[in-house]
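Asker: As they're listed, the protein sequences go chains U and H. Position 135 of the first sequence, counting from 1, maps to 135 under UniProt numbering, and the rest follow consecutively. Position 46 of the second sequence, counting from 1, maps to 46 under UniProt numbering, and the rest follow consecutively.
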Amino acid sequence: MNIIGLETLVFSVEELEACCAFLSDYGLHCVSQSASSARFEAEDGTAVEIHTDDVAGLPKTDIPSPALRETVYGVVSASVLDEIRQELSKDREVLCDEDGTLHCVDDEGFALAFKVSSRRPLQARPDLTNTPGHAPQRPVNQPGVDPQRPAKPLTLSHVVYFVNNAAKAEAFYERLGFRTSDRFEGVGPFMRPAGSDDHHCLFMIETPPFVRGCEHFTFHLGSGTEVLQAGTQLASKGWNSFWGPGRHIFGSNWFWYFNSPLGCHIEYDADMDKHDDEWAARQAPLSADTSQLFLFTGTAKWVPGGPPPKSA
Amino acid sequence: MAIQRPFRLCSLAELQAREVAGFDPLARGRDALLALISDEQVHAYLNRCPHEPVAMEYRKDKFLSGKRQHIMCFAHGARFEKDTGLCIHGPCLGKSLQRITTHIQDGDIYIDLEELIQA
Ligand code: FES
Ligand SMILES: [Fe+2]
Numbered sequence: 001m002n003i004i005g006l007e008t009l010v011f012s013v014e015e016l017e018a019c020c021a022f023l024s025d026y027g028l029h030c031v032s033q034s035a036s037s038a039r040f041e042a043e044d045g046t047a048v049e050i051h052t053d054d055v056a057g058l059p060k061t062d063i064p065s066p067a068l069r070e071t072v073y074g075v076v077s078a079s080v081l082d083e084i085r086q087e088l089s090k091d092r093e094v095l096c097d098e099d100g101t102l103h104c105v106d107d108e109g110f111a112l113a114f115k116v117s118s119r120r121p122l123q124a125r126p127d128l129t130n131t132p133g134h135a136p137q138r139p140v141n142q143p144g145v146d147p148q149r150p151a152k153p154l155t156l157s158h159v160v161y162f163v164n165n166a167a168k169a170e171a172f173y174e175r176l177g178f179r180t181s182d183r184f185e186g187v188g189p190f191m192r193p194a195g196s197d198d199h200h201c202l203f204m205i206e207t208p209p210f211v212r213g214c215e216h217f218t219f220h221l222g223s224g225t226e227v228l229q230a231g232t233q234l235a236s237k238g239w240n241s242f243w244g245p246g247r248h249i250f251g252s253n254w255f256w257y258f259n260s261p262l263g264c265h266i267e268y269d270a271d272m273d274k275h276d277d278e279w280a281a282r283q284a285p286l287s288a289d290t291s292q293l294f295l296f297t298g299t300a301k302w303v304p305g306g307p308p309p310k311s312a
Numbered sequence: 001m002a003i004q005r006p007f008r009l010c011s012l013a014e015l016q017a018r019e020v021a022g023f024d025p026l027a028r029g030r031d032a033l034l035a036l037i038s039d040e041q042v043h044a045y046l047n048r049c050p051h052e053p054v055a056m057e058y059r060k061d062k063f064l065s066g067k068r069q070h071i072m073c074f075a076h077g078a079r080f081e082k083d084t085g086l087c088i089h090g091p092c093l094g095k096s097l098q099r100i101t102t103h104i105q106d107g108d109i110y111i112d113l114e115e116l117i118q119a
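Quick look at the structure:
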């Protein structure tokens with residue numbers, strides 16, 4: 001089943017204005033906004049939608065807002081939607097709305113939707129590195145750093161769920177053609193759909209029944225440098241870091257997570273590993289050492305010889 | 001006041017006006033505790049979620065749920081009662097925020113720095 005990856009994440013929120021401020025400072029484009037809803041897009045049109053509680057038509061949840069209400073996946077063609085409908089109709093209700101989008105609920109209670117992807121083609125600049133002993137990637141006379149160049153979220157990367165039964169949840173996504181790239185023992189799998197070579201677009205964390213909902217989500221930036229640059233800017237605008245910056249080992253992606261008014265933390269990530277079906281999933285116990293190559297803490301800029309940094 | 005090292009947070013009137021406020025008495029660059037008024041009582045808690053040992057607000061002083069009825073951790077959405085610090089929803093259900101004793105004198109709110117250092 002040719003699912004490409006995340007298309008849209010839909011949240012209900014309590015503080016619409018604060019969420020709008022966060023998502024625009026994060027770097028997304030606000031493409032529509034009303035008193036009760038707003039949509040924020042990355043460069044390729046993948047998006048976060050936020051709605052106040054009272055907006056009609058959101059999938060139901062008993063998690064109080066702010067909460068993830070629906071995870072929308074993009075697929076390559078309408079025939080994939082037929083395959084998904086056939087498979088999932090075996091054991092659950094699958095609704096099809098006027099524009100052909102399928103809606104259902106996974107085994108853990110997460111509302112899912114599937115639609116033909118309307119991602120725009122991405123034209124991003126490459127992150128070129130010069131390494132001694134290797135032909136230079138960046139031509140002579142081309143500076144690597146341009147402070148004016150914004151670090152923009154390019155595309156939705158991954159979402160992470162708290163689940164009560166990771167094995168059962170994994171089996172459900174396998175039915176949709178997802179494969180496990182790696183796993184943390186006793187925690188859960190990193191999974192990628194058949195239409196994506198990204199290490200993961202879904203990670204699940206097994207927790208007791210009272211722990212539910214979205215753990216975090218993230219968009220890809222263009223490089224590790226951009227994660228540091230965008231995170232530094234987000235922090236300087238007053239948003240609080242949760243974890244990072246650092247670099248993961250499974251997936252190799254750079255990370256920086258921030259608390260957010262959407263009820264989960266939100267990450268910047270970049271430079272994730274790519275895999276195909278030849279890859280054999282690794283596993284490791286979850287620990288500080290297995291989850292990151294290194295970890296730093298952001299700090300206000302200062303310079304030797306200059307004035308002391310402004311306190312946060 | 002039987003306090004070893006008193007530290008003045010702010011006046012009662014100021015906290016009433018701000019509803020909830022974070023403080024960084026040890027100048028660590030991040031608010032170490034929050035104080036709020038609930039049922040006309042002053043409450044202060046360590047700004048450390050019982051789920052993961054992180055600060056809970058999403059930005060300066062943003063510790064409350066949108067409808068203001070709970071203290072909230074904006075890492076995973078845990079909710080805490082304002083007057084007990086007990087988590088009533090979220091990954092740390094049943095655990096509590098660590099209370100920091102407050103002392104009121106002449107309309108000002110104080111804590112003991114020693115208690116904060118030990119916390
Ligand atoms: S760290 Fe506070 S709810 Fe998870
Ligand atoms: Fe992540």
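Every residue gets a Cβ at the ideal spot worked out from N, C-alpha and C, and that includes glycine. Remember, it's a predicted structure, so these values are computed and weren't measured experimentally.
So, helix, strand or coil for U:A312, using DSSP?
Answerer: Legend: pLDDT at U:A312 = 44, less than 50; position of this residue unreliable, value from coordinates given subsequently. Three-state DSSP puts U:A312 in coil, outside helix and strand.
Asker: Using a Cβ-Cβ distance cut-off of 8 angstroms, determine whether H:K95 contacts chain U.
Answerer: no
Asker: Let me check understanding here. Comparing Cα to Cα, which of U:V187, U:C19, U:V163 and U:H158 lies closest to U:S196?
Answerer: U:H158
Asker: Smallest Cα separation from U:S291: which of U:E93, U:T129, U:P245 and U:R149?
Answerer: U:P245
Asker: Less than 8 angstroms between CB atoms is the rule here; does H:F74 satisfy it with respect to chain U?
Answerer: yes
Asker: Bridge partners for U:F110 per DSSP, in chain order?
Answerer: Answer is none; U:F110 lacks a bridge partner.
Asker: Going along chain H, which residues have a C-beta under 7 angstroms from U:E215?
Answerer: Correct list: H76.
Asker: In the DSSP assignment, find the beta strand (DSSP E) that holds U:V80 and state where it starts and stops.
Answerer: Element bounds for U:V80: not the beta strand (DSSP E) but the alpha helix (DSSP H), A78 to L88.
Asker: Please report the distance separating the alpha-carbon of H:G29 from that of H:H76.
Answerer: 23 angstroms
Asker: Strictly under 8 angstroms for the Cβ-Cβ distance: is H:A2 near chain U by that measure?
Answerer: no
Asker: According to DSSP, is U:C19 part of a helix, a strand, or is it coil?
Answerer: helix
Asker: For a test of the three-state rule: what should DSSP assign to U:Y268, helix, strand or coil?
Answerer: Here DSSP, grouped into helix, strand and coil, assigns U:Y268 to strand.
Asker: Verify whether the separation of the beta carbon atoms of U:A281 and U:D198 is less than 8 angstroms.
Answerer: no
Asker: Residue range of the beta strand (DSSP E) that H:A44 falls in?
Answerer: Q41 to L46
Asker: Just to check, is the beta-carbon of U:E267 closer than 7 angstroms to a non-hydrogen atom of ligand 2?
Answerer: yes
Asker: Taking 8 angstroms as the CB-CB cut-off, is H:A119 touching chain U?
Answerer: no
Asker: Please list, in chain order, the residues of the stretch 54–65 of chain U that have any C-beta partner in chain H closer than 9 angstroms.
Answerer: I63, P64 and S65
Asker: Quick check: is any heavy atom of ligand 2 less than 7 angstroms from the C-beta of U:V160?
Answerer: yes
Asker: Using DSSP with H/G/I as helix, E/B as strand and the rest coil, what is residue 165 of chain H?
Answerer: Residue 165 of chain H cannot be examined here, being either before or after the span of chain H that is shown, 1 to 119.
Asker: Quick check on U:G231: does DSSP put it in helix, strand or coil?
Answerer: helix
Asker: Between the stretch 158–171 of chain U and the stretch 204–214 of chain U, are three or more C-beta pairs nearer than 8 angstroms?
Answerer: yes
Asker: Is the CB of U:F110 under 8 angstroms away from at least one CB in chain H?
Answerer: no
Asker: Quick check on this structure: which residue in U:S12, U:G5 and U:G144 has the alpha carbon closest to the alpha carbon of U:G74?
Answerer: U:G5
Asker: Kindly list the residues whose CB is nearer than 8 angstroms to the CB of U:V303, restricted to its own chain and excluding five residues on each side of it in sequence; keep chain order.
Answerer: none
Asker: In or out: U:D44 buried (at least 16 other Cβ within 10 Å) or exposed?
Answerer: buried
Asker: Give the range of the beta strand (DSSP E) segment to which U:E215 is assigned.
Answerer: G213 to H220
Asker: For chain U, is any of its Cβ atoms less than 8 angstroms away from the one on H:Y110?
Answerer: no
Asker: Any heavy atom of ligand 1 inside 7 angstroms of the beta-carbon of U:G263?
Answerer: no
Asker: Could you check whether H:Q41 and H:D106 sit closer than 8 angstroms to each other, using their CB atoms as the reference points?
Answerer: No. Outside cutoff.
Asker: Is it buried or exposed, U:T180, if we count other Cβ atoms within 10 angstroms and call 16 or more buried?
Answerer: Around the beta-carbon of U:T180, 16 or more other beta-carbon atoms lie within 10 Å, marking it buried.
Asker: At the level of alpha carbons, what is the spacing between H:I3 and U:V227?
Answerer: 45 angstroms
Asker: With a threshold of 7 angstroms (Cβ to nearest heavy atom), would U:F110 be considered close to ligand 2?
Answerer: no
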